[in-house]
Amino acid sequence: MKGEHHSKLLKDICDFLGGDLDSPPCSSIKEHLKKCKNCEIYVDKLKKTVTLYRKLSMDTKVPDRVNRELFAKIYFSKDKDKGREK
Amino acid sequence: MVNRLEEDKILQRARQGDRDAFAELVKMYGDRIYGLALRMTGNEKDAEDVYQDTFLMALRKLDQFKGESSFFTWVYRIAINMAISKIKQRKKNFSENGLEDPDFDRLHQEPQKSWPDIELTQVDRERFRKKLSKALEKLPEIYRTVFILRDMHGLSTEETARILEITPSNTKIRLMRARNFLKNELESFLKEEGILL
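Just so you know, the sequences run in chain order A and B.
Under this note's numbering, the first residue of the first sequence carries the number 149, and numbering increases by one thereafter.
Under this note's numbering, the first residue of the second sequence carries the number 298, and numbering increases by one thereafter.
Encoded structure:
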């Protein structure tokens, strides 16, 4: 198996693993994944990892206190602007 | 979610000094900006600063927003720059600490076990979230930022490279290593939880 990963294939693999995992891979990777179960499983694990992190990023909410402070600053800056106009 | 036309109307009002309109924009995009700040800085205190400073700067510079991108993209870029300078100030972890490439030889020598589809209900949701966040914090900064922008926020390789002033191929290498690192962390956790044997 080791010999299969010559430099061109390795470059293609790195390109694929650091690129869009959901896009179809180039033909050399597609061929390799077809016959290499280990790599197929590895790619699947990466996809699942990314999916879980994506869910995590959608879960985040701004704490109410932080928004209250921000809105106070936003409205306060308006009062300051008005003060300057006078 | 509002469409671009509605957003333009709100923006127009905000530009004329209507603070309620600006507050509407904050409500529309605040969670996403805060999420970005929290993941990039790795702590709530810095995330709160980045979040508030981002919108306050956007308010001050609203006149300079030309509308060439969406308002969100514009604010998003401000937030990224704010977060990066916050991290640099802290100097913690902002180094070229290397992560290894995946071990392709080992990958081919040892049989790999596939993962099941992971439902968050299988593990305590809050504990799981904490674990994912902790693993992300362990990533050296140069990898974490790429992973957040590319995989968590969906920016393209080129956009990420432009923002971080690195080459697209460097972006890909960092992303590959970050994914591999987080996959390994997650795998350890799933084993601890008995989800993987």
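Ideal placement from N, C-alpha and C gives every residue a C-beta, glycine not left out.
Just so we're clear, the structure is a prediction, and the values are computed from it rather than from any experiment.
Chain-ordered neighbours of residue i on chain B, where CB pairs are closer than 7 angstroms
i              : result
residue 217(A) : 349
residue 209(A) : 328
Which of helix, strand or coil DSSP assigns to residue i
i              : result
residue 412(B) : coil
residue 390(B) : Low confidence applies here, because residue 390(B) scores a pLDDT of 49, under 50, leaving its location unreliable; read the following figure in that light. Residue state, collapsed to three classes: coil.
residue 340(B) : coil
residue 165(A) : helix
residue 397(B) : coil
residue 362(B) : coil
residue 209(A) : coil
residue 404(B) : helix
residue 492(B) : coil
residue 346(B) : helix
residue 315(B) : coil
residue 215(A) : helix
residue 382(B) : helix
residue 367(B) : coil
residue 171(A) : coil
residue 421(B) : coil
residue 223(A) : helix
Buried or exposed (CB count within 10 angstroms, at least 16 for buried), residue i
i              : result
residue 475(B) : buried
residue 205(A) : buried
residue 215(A) : buried
residue 302(B) : exposed
residue 211(A) : exposed
residue 464(B) : exposed
residue 306(B) : exposed
residue 477(B) : buried
residue 218(A) : buried
residue 190(A) : buried
residue 350(B) : buried
residue 416(B) : exposed
Amino acids of chain A, ordered along the chain, whose beta-carbon sits closer than 7 angstroms to that of residue i
i              : result
residue 320(B) : 219 and 222
residue 480(B) : 193, 194 and 197
residue 449(B) : 201, 202 and 205
residue 345(B) : 214
residue 415(B) : 196 and 200
residue 323(B) : 218
residue 395(B) : Near residue 395(B) there are no residues of chain A at all, since even the closest Cβ is about 15 angstroms away, more than 7 angstroms.
residue 464(B) : Ordered by position in chain A, no residue passes the 7 angstroms Cβ test against residue 464(B), which lies about 12 angstroms from the chain.
Listed by chain order, chain B residues near residue i by CB distance under 8 angstroms
i              : result
residue 162(A) : 398, 469, 470 and 473
Chain A residues whose Cβ lies nearer than 8 angstroms to that of residue i
i              : result
residue 352(B) : 218 and 222
residue 411(B) : 189, 192 and 193
residue 310(B) : Chain A residues near residue 310(B): none, gap ~13 angstroms exceeds 8 angstroms.
residue 426(B) : 204 and 207
residue 404(B) : 186, 187 and 190
Boundaries (first-last residue) of the alpha helix (DSSP H) holding residue i
i              : result
residue 483(B) : 465-489
residue 303(B) : 301-312
residue 196(A) : 185-206
Neighbour list for residue i in chain B, Cβ cutoff strictly below 9 angstroms
i              : result
residue 225(A) : 316, 353, 356 and 357
residue 181(A) : Under the 9 angstroms cutoff, chain B gives no residues; its nearest Cβ is about 12 angstroms from residue 181(A).
Listed by chain order, chain A residues near residue i by CB distance under 9 angstroms
i              : result
residue 387(B) : The contacting residues do not exist; residue 387(B) stays about 19 angstroms from chain A at best.
TODO: Starting from the N-terminal side, write out each stretch of the alpha helix (DSSP H) that is 4 residues or longer and does not extend beyond the region 428-462 of chain B.
DONE: Scanning the region 428-462 of chain B for uninterrupted alpha helix (DSSP H) segments of 4 residues or longer gives 438-444 and 454-461, listed from N- to C-terminal end.
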